[in-house]
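Residue numbers (the UniProt record's numbering): 1 to 162. Where is the CB? At the ideal position from N, CA and C, for every residue including glycine. To keep things clear, I will list the structure first and then write my remarks on it.
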């Protein structure tokens with residue numbers, strides 16, 4: 001099997017109208033509010049989601065240019081293998097963000113800590129469960145010397161389609 005096709009289940013809305021300037025991770029976007037509009041035909045799947053304080057959004061980087069296998073990520077000057085980064089330009093431009101769920105109104109989720117461009121197509125939603133998702137780690141690779149840059153790091157447009 002060489003190809004997989006997904007249908008968008010909704011659209012993510014945020015104050016960011018273009019990639020340039022967007023915080024590069026939810027932890028650097030604390031307090032940034034947005035919404036997730038789930039298409040009506042999928043709204044039944046939201047039953048009981050309000051019981052979770054955080055959700056995982058899986059989405060399509062629709063504005064990213066085609067990925068390369070070696071990339072210079074936002075917080076480093078050296079090239080790294082794309083799979084050792086979270087760069088949006090990837091062979092399959094899939095993004096993942098853990099955001100705070102503030103409330104639910106019908107098929108609209110109100111969220112916070114949004115690091116996503118307005119109009120981004122949503123592929124899936126999963127509940128964030130610390131016992132499932134948190135791990136103690138021993139190392140974080142090349143980011144060890146750069147993770148301190150995260151609070152100020154922003155998308156500079158290097159991965160955007162031209």
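**Prompt:** What residues match up with residue 62 in a beta bridge as DSSP calls it?
**Reply:** The partner list for residue 62 (beta bridge, DSSP) is empty, contrary to what the question assumes.
**Message:** For a test of the three-state rule: what should DSSP assign to residue 69, helix, strand or coil?
**Reply:** coil
**Item:** Same chain, Cβ closer than 7 Å to residue 93, neighbours up to 5 away in sequence not counted
**Value:** 60, 61, 64 and 67
**Asked** Taking the Cβ atom as the reference point for each residue, do residue 55 and residue 116 lie within a distance shorter than 8 Å?
**Response** no
**Asked** What's the gap between the Cα of residue 53 and the Cα of residue 142?
**Response** Rounded to whole angstroms, residue 53 to residue 142 spans 31 Å at the Cα level.
**Message:** Quick check on the DSSP output: what are the complete beta strand (DSSP E) runs of length 3 or more inside the UniProt domain "TsaA-like" (6-137), in order along the chain?
**Reply:** 10-13, 33-38, 54-60, 94-105, 108-112 and 120-127
**Message:** In this structure, how does DSSP classify residue 4 when only helix, strand and coil are distinguished?
**Reply:** Of the three classes helix, strand and coil, the one that applies to residue 4 here is coil, per DSSP.
**Request:** With distances taken Cα to Cα, identify the nearest neighbour of residue 43 among 23, 16, 10 and 21.
**Result:** Measuring C-alpha to C-alpha distances from residue 43 to each of 23, 16, 10 and 21 identifies 10 as the nearest.
**Message:** At the level of alpha carbons, what is the spacing between residue 27 and residue 4?
**Reply:** 31 Å
**Message:** Beta-carbon within less than 6 Å of residue 37's beta-carbon, same chain only, minus the 5 sequence neighbours each way: which residues are those?
**Reply:** 10, 11 and 108
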